[in-house]
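Take any residue in the sequence shown, count from 1 to its spot, add 2: that is its number in the numbering used here. Every residue gets a Cβ at the ideal spot worked out from N, C-alpha and C, and that includes glycine.
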Amino acid sequence: MEEKIKIELEKLRPALQMDGGDVVFVSFAEGEGVLYLALQGMCSHCPMSSVTLKNYIESELVAVIPEIKEVRSA
């Protein structure tokens, strides 16, 4: 599962990098369906980071990996 998540994160990474940010896989709690990610660069300090995490990253990942129920910042 971790590899599948990392492959999908690679597809999202360019949009974040355009704004000077990035995202890193931390862990996936399979029993709960919770994915933990770390936002880096400009995304780590941005007041919109929670919106980016939920409205962009979470919505994109949940659409392609149904085992993911929620994405949280690590």
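Beta-carbon within less than 8 Å of Y58's beta-carbon, same chain only, minus the 5 sequence neighbours each way: which residues are those?
By 1-based counting over the sequence shown, the position of residue 58 is 56. Here the set comprises L14, A17.
Same chain only: Cβ atoms within 8 Å of K56, ignoring 5 sequence neighbours per side
Numbered from 1 along the sequence shown, position 54 holds the residue referred to as residue 56. Exclusion of the five residues before and after K56 leaves V73 as the residues of its chain whose Cβ lies within less than 8 Å of its Cβ.
Taking C-alpha atoms, which residue in I67, G35, G22 lies nearest to S46?
Taking the first residue of the sequence shown as position 1, residue 46 is located at position 44. Selected option, being the one with the closest Cα: G22.
Opening and closing residue of the beta strand (DSSP E) in which P37 lies:
On the sequence shown, residue 37 is found 35 positions in, with the first residue counted as 1. The residue you asked about is not Pro; residue 37 is Leu in the sequence shown. L37 -> beta strand (DSSP E) spans 36 to 43.
Beta-ladder partner(s) of R74, from DSSP
Residue 74 sits at position 72 when you count from the first residue of the sequence shown. Y38.
Excluding the five sequence neighbours on either side, which residues of its own chain have a C-beta within less than 7 Å of the C-beta of V26, listed in chain order?
The residue given as residue 26 occupies position 24 in the sequence shown. Around V26: L39, A40, Q42.
Compute the Euclidean distance between the alpha carbons of E32 and E5, then round it to the nearest angstrom.
Indexing the sequence shown from 1 puts residue 32 at position 30. Indexing the sequence shown from 1 puts residue 5 at position 3. When rounded, the distance between both Cα atoms is 13 Å.
Less than 9 Å separating the beta-carbons of I67 and E10?
For the purposes of this step, residue 67 is identified with residue 65 of the sequence shown, where counting begins at 1. For the purposes of this step, residue 10 is identified with residue 8 of the sequence shown, where counting begins at 1. Between I67 and E10, the C-beta gap is smaller than 9 Å, which places the two residues in contact.
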